[in-house]
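Numbering (the numbering used here), first residue to last: 172 to 312.
Cβ coordinates follow ideal geometry from the N, Cα and C atoms, glycine included.
Working notes, beginning with the structure itself.
Here it is, written out as structure tokens:
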């Protein structure tokens with residue numbers, strides 16, 4: 172019995188380490204992308220940006236993305252879904268009217284580009300007709 176418990180604990184530790192490793196890789200890639208964007212914008216505007224400022228911008232953007240991901244997951248769970256839909260993303264931007272308008276426009280553009288045969292094949296309840304069929308799957312923790 173003890174061996175089974177020990178094996179389960181080891182397996183959980185390995186899974187936790189793998190999750191942390193994947194999280195670290197994602198964080199590092201996100202930060203590299205953020206740094207690249209910040210440097211490109213500074214160059215485009217004829218400005219110089221110091222490394223501490225770039226690091227700060229990168230950290231703030233990553234923390235914002237983490238919080239946004241949690242909010243989106245909660246919106247989907249509140250709607251008894253395991254997937255995040257475009258309507259959740261638009262809802263998350265409700266305090267920034269310009270962003271919400273841009274997201275709605277993007278959603279409409281994506282719907283327009285979707286092949287007609289795809290739209291006909293997918294049957295959605297009437298309530299969801301206003302939302303796009305774009306989804307993001309949420310992993311159960």
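Give the secondary structure of residue i by DSSP, where H, G and I count as helix, E and B as strand, and everything else as coil.
i, result
"residue 241", "helix"
"residue 228", "helix"
"residue 254", "strand"
"residue 269", "helix"
According to DSSP, which residues form a beta bridge with residue i?
i, result
"residue 260", "Per DSSP, none; premise fails for residue 260."
Starting from residue i, trace the alpha helix (DSSP H) both ways and give me its first and last residue.
i, result
"residue 219", "No alpha helix (DSSP H) contains residue 219, which DSSP labels as neither H nor E."
"residue 285", "Segment: none, residue 285 is in no alpha helix (DSSP H) and carries neither H nor E."
Would you say residue i and residue j are within 8 Å of each other, going by their C-beta atoms?
i, j, result
"residue 283", "residue 274", "no"
"residue 259", "residue 281", "no"
"residue 202", "residue 233", "yes"
"residue 253", "residue 247", "yes"
"residue 271", "residue 261", "yes"
Would you please state the rounded distance, in angstroms, between the beta carbons of residue i and residue j? I believe it to be under 8 Å.
i, j, result
"residue 209", "residue 228", "5 Å"
"residue 213", "residue 219", "6 Å"
Is residue i near the ligand SAH, going by C-beta to nearest heavy atom under 7 Å?
i, result
"residue 254", "Because no ligand of any kind appears in the structure shown, any question about the ligand SAH cannot be addressed here."
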